[in-house]
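**Q** Per our numbering, numbering through the sequence shown is continuous, rising by one, with the last residue being 225. Even for Gly, the Cβ is constructed at its ideal location relative to N, Cα and C. Owing to the predicted nature of the structure, the values given are computational and were not obtained by experimental measurement.
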Amino acid sequence: MSETRPSGCTYFSVDVEASGPVPGLFNLVSLGATAVGRGEDGRYRVGDSFYAEFKPVFPGQDPDANRIHGIDPARLAREGQEPRAALVALSDFVARATGPGTAPTFVGHVAVFDWMYVAWYYAWAGLPNPFGYKGIDTKSMAMGALRLPWPETGKETLCARLGLAEQEAETAHRADADAAHQARLLIALLEHAGL
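1) Which term fits Thr201, buried or exposed, when burial requires 16 or more other beta carbons within 10 angstroms of its beta carbon?
2) So what does DSSP say about Ile217, is it helix, strand or coil?
3) Given this structure, state the Cα-to-Cα distance separating Ala175 from Tyr163, to the nearest angstrom.
4) Helix, strand or coil for Ala149, going by three-state DSSP, please let me know.
5) Just confirm the distance between the C-beta atoms of Ala172 and Leu117, as a whole number of angstroms; I'd bet it's less than 8 Å.
6) According to DSSP, is Phe88 helix, strand or coil?
7) I need the DSSP call for Ala82, collapsed to helix, strand or coil.
8) Nearest by alpha-carbon distance to Gly38: which of Glu112, Val76, Ala133, Glu109 is it?
9) Less than 9 Å separating the beta-carbons of His99 and Arg204?
10) Measuring CB to CB, does Gly235 end up less than 9 Å from Ala209?
11) Within 10 angstroms of the Cβ of Asp167, are there 16 or more other Cβ atoms? Answer buried if so, exposed if not.
12) For Asp227 and Asp94, what's the separation of their Cα atoms in angstroms?
13) Nearest by alpha-carbon distance to Gly165: which of Cys189, His139, Lys185 is it?
Laid out in structure tokens, this is it:
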């Protein structure tokens, strides 16, 4: 009996904030994920969202990285979720939000950074990564869809080219808000490319 293969994707726009440049030395601080799938009319829609803040488990704390996201490591030590529990909750969210007959597909804006943290933490926790080893990068996607050089694939430029409102400055570098904004950017790129 042959295995049924998914016929499409449920995209998950994922954004992470971290206490430094690499996992294992530094910590995953927060993670936001927003589902994107097709509605009954065949058009892409922003779906449900997930958010977690992680208790630090590694010593690395880069002051510049922490200044960007503004989340206090001492507060995370008191109130953050245990990483394994947060990852189980993320996996449960992905399973619930993935549309029938589709595969959960990781999407990031500079995906190499976000996916690296997600994949590393799942491996460290001894849990299967619900996204597998693949992911889509919206900056790379924009290079092809909009024929832009890499330096011009920032979110502000893409929003202007695609007619989207820019993210409100006070929500920048909040993983939940970034993931939701990047989900709308993904939809605009998919529609522009006719996918």
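**A** Let me spell this out:
1) exposed
2) Assigned with DSSP and collapsed to three states, Ile217 falls in helix.
3) 23 Å
4) Reduced to three states, the DSSP call for Ala149 is helix.
5) The C-beta distance from Ala172 to Leu117 rounds to 29 Å, too long to meet the 8 Å contact threshold.
6) coil
7) strand
8) Ala133
9) yes
10) Within the shown structure, residues of the chain are numbered from 31 to 225, placing residue 235 beyond reach of any answer.
11) buried
12) The displayed coordinates of the chain run from 31 to 225. Any statement about residue 227 would go beyond what the structure contains.
13) His139
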